[in-house]
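Just below is one structure, and these are the notes that go with it.
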Amino acid sequence: MLSSSVPLLFAIVAMVASAAIRPAVAEDHPGAAIYREHCLRCHGDHGVGTPATPAPLVGDRSVGQLARYVADTMPEDDPTAVTGEAAAAVAEWIHGRFYSSLARDRHRPARVELARLTVGQHHNAIADLVGGFLGPQPPVSPERGLRGEYFQGRNFDPARRVFERLDPTVGFDFGVEGPDPERFEPGRFAIRWQGSIVPVESGVHEFIVRTEQAVRLLVNHPDWDGPPLIDAWVKSGHDTEYRGTIHLLAGRPYPLRLEFSKASQGVDNPVHEKPRRASIELLWRQPHGVVERVPSRNLIPKHSPATLVVTTPFPPDDRSIGYERGSTVSKEWLEAVEAAAVETAAAIRERAGQLAGVKPDAPDRAERLQAFAATFAERAFCRPLDAQVQTLVAHPFVAAPDVDAALERSRLLILSSPRFLFREPPLPADPSRASWDTAARLSFGIWDSIPDEAL
């Protein structure tokens, strides 16, 4: 049944394609003479109109619909003058010459329009631009789940680690006993789950932890610095559900650590601790999703480096033809670009030494930070810098009061530059640079970001 339908499908596609590329009707078409005799005086050459009938002769009727309209109403002074085959001929000629949108497009000169980065491309480009200085991402492990370390006692003392295992998900009810009654004190044990989480959609993700015990959750924390996404390590009250939100980009692994501890707060004597129930569950709500336990397919037991994710809100992209396009430049978009550049520069400022590979007391720190700025610009612009651009990137290091201020000004200049924000560069004067433009077009077309080292 399927094989017999394939030729029919190809035939339909061929007919549609041939209709789409059908050339304009010839000047000696029979409808041309009919138009000149009965229609020209009102509608003018090419249907542009006349002082008496200024409206252009354009529309969205099909040839058949247009033929019926002509036969019924045209010309206005004698609707019976053009009917039957004559109406069909003049309708076909009008439709192919200037009436249809395809005919009008034939008379418009082709032009190249610049296309800015879409919101998703902008976020991905910044993430890869900064992440590229931290080294390549480790390969994604085929294993799924989180690595769980189980400890005796309320803390994570390596000497008291009982065992380690791969847990597909985090959803446990230990009752009052613990993970293993023979190896754990029922009132005192701790568990630490580590690995990475891979979202499938970009946007704000809400994480939820349900437990009666102490817990903290860290997601996308560089070197585990900074406040946790969820911090209930010191509990007060009777809450058993804790929530936190974070912006993540689709398809990228983010480091995740979940720490759980069962012990009576304020009591340091196991003899006086009353047996209490212990359970824990890790859930999330993805953008446009529902609350669910984080599934195993989104968890990897390997650690991943943190990713810089811009949280500045952007106006939505144009989706009028079914997919996102960077076809509009508005005041709101320009303001968002500036705010995102400031946000990115501030995030880089805290880790400039690590990204540039230079220590604060290095004697050549200024030169190496300037070289870092030039490399940052090359990767952002997806091509080697010519002399003019090199001068622009280096100028802040001449004018700024110190090298740190110069580096920040240079980053703001790069991230606000049209060379970074727009992805339709003009043809290069030097043909040797055409390969760089090709690599950029491929990378933004395939994975919506700047080229990687291999490309």
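Whatever position you read off the sequence shown (first residue = 1), add 159 for our numbering. Don't be surprised by glycine CBs; every beta carbon is placed ideally from N, CA and C.
Is the Cβ of residue i closer than 8 Å to any Cβ of chain C?
| i | result |
| --- | --- |
| Thr487 | No chain C appears in this structure, which consists of one protein chain only. |
With C-beta atoms as the reference, is residue i less than 8 Å away from residue j?
| i | j | result |
| --- | --- | --- |
| Asp607 | Gly279 | yes |
| Ala286 | Leu467 | yes |
| Asp332 | Ser438 | yes |
| Gly304 | Arg452 | no |
| Val450 | Phe419 | no |
| Cys541 | Trp492 | no |
| Tyr258 | Gly218 | yes |
| Glu341 | Gln445 | no |
| Gln529 | Phe556 | yes |
| His364 | Ile405 | yes |
| Leu408 | Asn283 | yes |
| Ala536 | Leu544 | yes |
| Ser575 | Glu497 | yes |
| Ser486 | Asp477 | yes |
Three-state secondary structure (DSSP) at residue i?
| i | result |
| --- | --- |
| Tyr482 | coil |
| Arg303 | coil |
| Val363 | strand |
| Leu442 | strand |
| Gly330 | strand |
| Asp382 | helix |
| Val321 | strand |
| Ile459 | strand |
| Ser569 | helix |
| Leu544 | coil |
| His397 | coil |
| Thr404 | strand |
| Ile180 | Because Ile180 carries a pLDDT of 43, less than 50, the predicted location of this residue cannot be relied on, and the following value inherits that uncertainty. Here Ile180 sits in coil by DSSP. |
| Lys490 | helix |
| Gln353 | strand |
| Gly604 | helix |
| Pro166 | The pLDDT assigned to Pro166 is 49, lower than 50, so where the model puts this residue is not dependable, and the model offers no usable value. |
| Thr239 | coil |
| Trp595 | helix |
| Leu514 | helix |
| Glu371 | coil |
| Asp390 | strand |
| Ser221 | coil |
| Glu196 | helix |
| Leu528 | helix |
| Gln311 | strand |
For residue i and residue j, which I take to be in contact (beta-carbon distance under 8 Å), what is that distance rounded to the nearest angstrom?
| i | j | result |
| --- | --- | --- |
| Pro234 | Ala240 | 6 Å |
| Ala211 | Cys201 | 7 Å |
| Phe322 | Ala349 | At roughly 13 Å, the Cβ-Cβ gap does not stay under 8 Å, so Phe322 and Ala349 are not in contact. |
| Val229 | Tyr194 | 10 Å between Cβ atoms; not a contact. |
| Arg320 | Glu336 | The pair is not a contact, with the Cβ atoms about 19 Å apart (cut-off 8 Å). |
| Val143 | Ala504 | Outside the displayed range of the chain (160 to 614) lies residue 143, so it cannot be described from this structure. |
| Arg527 | Glu567 | Between Glu567 and Arg527 the Cβ distance is about 16 Å, and since that is not below 8 Å, they are no contact. |
| Arg313 | Phe366 | Their Cβ separation, rounded to whole angstroms, is 23 Å, which puts Arg313 and Phe366 out of contact at 8 Å. |
| Leu377 | Arg416 | 5 Å |
| Leu580 | Leu276 | 6 Å |
| Val548 | Ala499 | No, Val548 and Ala499 are not in contact; Cβ-Cβ is about 21 Å, not under 8 Å. |
| Pro454 | Thr328 | 7 Å |
| Ala495 | Pro472 | 7 Å |
| Val368 | Leu261 | So it is not a contact: roughly 58 Å between Cβ atoms. |
With 16 other CB atoms within 10 Å as the buried threshold, where does residue i fall?
| i | result |
| --- | --- |
| Arg265 | exposed |
| Ala599 | buried |
| Ser164 | Here the model assigns Ser164 a pLDDT of 48, short of 50, so the residue's position is not dependable and the matter cannot be decided. |
| Ile605 | exposed |
| Gly516 | exposed |
| Val668 | Since the first residue shown for the chain is 160 and the last is 614, residue 668 is missing from the structure and cannot be characterised. |
| Phe603 | buried |
| Lys421 | buried |
| Val289 | buried |
| Glu272 | exposed |
| Glu244 | exposed |
| Glu251 | buried |
| Gln372 | buried |
| Pro475 | exposed |
| Gly294 | exposed |
| Ala593 | exposed |
| Ala214 | exposed |
| Ile480 | exposed |
| Ala436 | In the sequence on display, residue 436 carries Arg and not Ala. Arg436 should be labelled exposed. |
| His205 | exposed |
| Arg267 | exposed |
| Ala613 | exposed |
| Ile180 | Low confidence applies to Ile180: its pLDDT is 43, below 50, so where it sits in the model is not reliable, and the reading given next is rough at best. It counts as exposed. |
| Arg456 | exposed |
| Val552 | buried |
| Leu601 | exposed |
(request) Spell out a yes or no on whether the region 345–361 and the region 397–413 are touching, meaning 3 or more CB-CB pairs, one atom from each, closer than 8 Å. (result) Contact between the region 345–361 and the region 397–413 is present, because at least three Cβ pairs lie under 8 Å.
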